[in-house]
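Just below is one structure, and these are the notes that go with it.
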Amino acid sequence: MKYEIMVILNPKQTDKEIEKLLKEVKDTLTENKFTIVDEDIWGMRDLAYLIRGNSRGYYAVLILTGEPAGMAAVHKDLTLTPGLVRYMATKVPDDYVLMRYEGALMMAKTAAKLSSPAEELNKKVRSSHKRSEEPKAKPTAETEEKTAKKTEELDEKLKAIIEDKDIL
Amino acid sequence: MTKKVKIQKTKRPEVPVFIDYKDLELLRGYLSVFGRIVPRYYTGVSLKQQKQLSLAIKRAREMALLPYTSKY
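Chains L and E are the protein sequences, given in the same order.
Using the working numbering, the letters of the first sequence correspond one by one to residues 1329 to 1496.
Using the working numbering, the letters of the second sequence correspond one by one to residues 26 to 97.
Dropping the structure here:
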């Protein structure tokens, strides 16, 4: 049988302690006659809700093959390991290919590219905004001359005001 | 007697054969604004797929990948 185990480790540990814990988890699996086929370490990740006061967790996913009889012992061991916030073991089909965390992120990017009604609406809104911005930006050369002239005039006026002694 | 034929009016959305609970982008499409599972008469997927989806969402919730409820 093929299994998948996801573990959440306590984030309040040092990196060395986390490595040690992961090794311990793997050892408990190998002791119960499971062979680790594949692994994917997600690293620190925000939790969707607080678990024992933790807002973050160190995620790791392991894929194993072995006899179903050994699973009871694995459950017993994993519930007793301190520093392990939560774990879940699930059966997966034999031809299962592990969904990588990085791959999932890439998939999210490609999914965003696919057009959906909401996306098309957003695009329309964005393009209309761009159109309104472009005509303002285009006649830069003409406006620069105008502004230069205006500043010169204003400077002259200011000078005249400053030199005027009647105001004081 | 004429035989009743069920007509699928709208096309069923495409769902992978094996629904992984780590595929969060897929699962988020079947959650409401408040983080609840959207019923089948809105999603339009088959009964088998809906059951698999809801199981995957529940697994993801247990591992804190998805929220049980999202605050408004």
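Ideal Cβ placement from N, Cα and C applies to all residues, glycine included.
It should be emphasised that the depicted structure is a prediction, and the values quoted were computed from it without experimental measurement.
Against chain E, does L:Y1331 count as a neighbour if the rule is that its beta carbon must be under 8 Å from one of theirs? The residue labelled residue 1331 of chain L in the question sits at position 3 within the first sequence. L:Y1331 has a beta carbon lying at 8 Å or more from every beta carbon in chain E.
If I'm right that L:V1353 touches L:W1370 with Cβ under 8 Å, what's the distance once you round it to whole angstroms? Start at 1 with the first residue of the first sequence, and residue 1353 of chain L comes out as number 25. Start at 1 with the first residue of the first sequence, and residue 1370 of chain L comes out as number 42. About 14 Å separates the beta carbon of L:V1353 from that of L:W1370, a gap too long to meet the 8 Å contact definition.
Is the shortest distance between the beta-carbon of E:R84 and the beta-carbons of chain L less than 8 Å? Here the question's residue 84 of chain E lines up with position 59 in the second sequence. By this cut-off, E:R84 is an interface position.
Taking L:T1375 as the query, report the chain E residues whose CB atoms sit under 7 Å from its CB, ordered along the chain. Working through the first sequence from its first residue, we reach residue 1375 of chain L at position 47. Strictly speaking, residue 1375 of chain L in this sequence is Leu, with Thr absent from that position. For L:L1375, the residues of chain E that pass the 7 Å Cβ criterion are A89, in the order they occur in the chain.
Where does L:E1347 fall in DSSP's three states? Counting from one through the first sequence, the residue named residue 1347 of chain L turns up at place 19. Helix at L:E1347.
Can you tell me which of L:G1385, L:I1391 and L:A1376 puts its alpha carbon nearest to the alpha carbon of E:A89? Looking up residue 89 of chain E in the second sequence gives position 64. Nearest to E:A89 by alpha-carbon distance, out of L:G1385, L:I1391 and L:A1376, is L:A1376.
Rounded C-alpha distance that separates E:S71 from L:T1363: For the purposes of this step, residue 71 of chain E is identified with residue 46 of the second sequence, where counting begins at 1. For the purposes of this step, residue 1363 of chain L is identified with residue 35 of the first sequence, where counting begins at 1. Near 36 Å, if we compare the C-alpha coordinates of L:T1363 and E:S71.
Beta-carbon neighbours of E:P92, restricted to chain L and to distances below 8 Å: By 1-based counting over the second sequence, the position of residue 92 of chain E is 67. Those are A1376 and Y1377, listed as they occur along chain L.
List the whole-angstrom C-beta distance separating L:K1351 from L:G1398, where the pair is believed to meet the contact cut-off of C-beta under 8 Å. Residue 1351 of chain L sits at position 23 when you count from the first residue of the first sequence. Residue 1398 of chain L sits at position 70 when you count from the first residue of the first sequence. Contact doesn't hold; Cβ gap of about 19 Å is too wide.
So, does the CB of L:I1336 fall closer than 8 Å to a CB anywhere in chain E? Numbered from 1 along the first sequence, position 8 holds the residue referred to as residue 1336 of chain L. Yes - at least one Cβ of chain E is within 8 Å of the one on L:I1336.
Best match in L:D1423, L:T1479, L:D1374 and L:T1358 for proximity to L:E1395 [C-alpha to C-alpha]: Locating residue 1395 of chain L in the first sequence gives position 67, counting from the first residue. Put simply, of L:D1423, L:T1479, L:D1374 and L:T1358 the residue whose alpha carbon is nearest the alpha carbon of L:E1395 is L:T1358.
Alpha-carbon spacing of L:Y1387 relative to L:V1335, whole angstroms: Taking the first residue of the first sequence as 1, we reach residue 1387 of chain L at position 59. Taking the first residue of the first sequence as 1, we reach residue 1335 of chain L at position 7. Spanning the two alpha carbons is a distance of roughly 6 Å.
Give the residues from the stretch 1389 to 1416 of chain L that approach chain E closer than 8 Å (Cβ to any Cβ), ordered along the chain. For the stretch 1389 to 1416 of chain L, which is checked against every Cβ of chain E, the residues closer than 8 Å are V1389, R1414 and M1416.
Determine, using beta-carbon pairs with one atom in the stretch 73 to 87 of chain E and one in the stretch 51 to 58 of chain E, whether at least three such pairs fall under 8 Å. By the Cβ criterion, the stretch 73 to 87 of chain E is in contact with the stretch 51 to 58 of chain E, since at least three pairs of Cβ atoms, one from each stretch, lie closer than 8 Å.
At a Cβ threshold of 8 Å, is E:F43 touching chain L? By one-based count along the second sequence, residue 43 of chain E stands at place 18. Taking CB atoms only, E:F43 has a neighbour in chain L less than 8 Å away.
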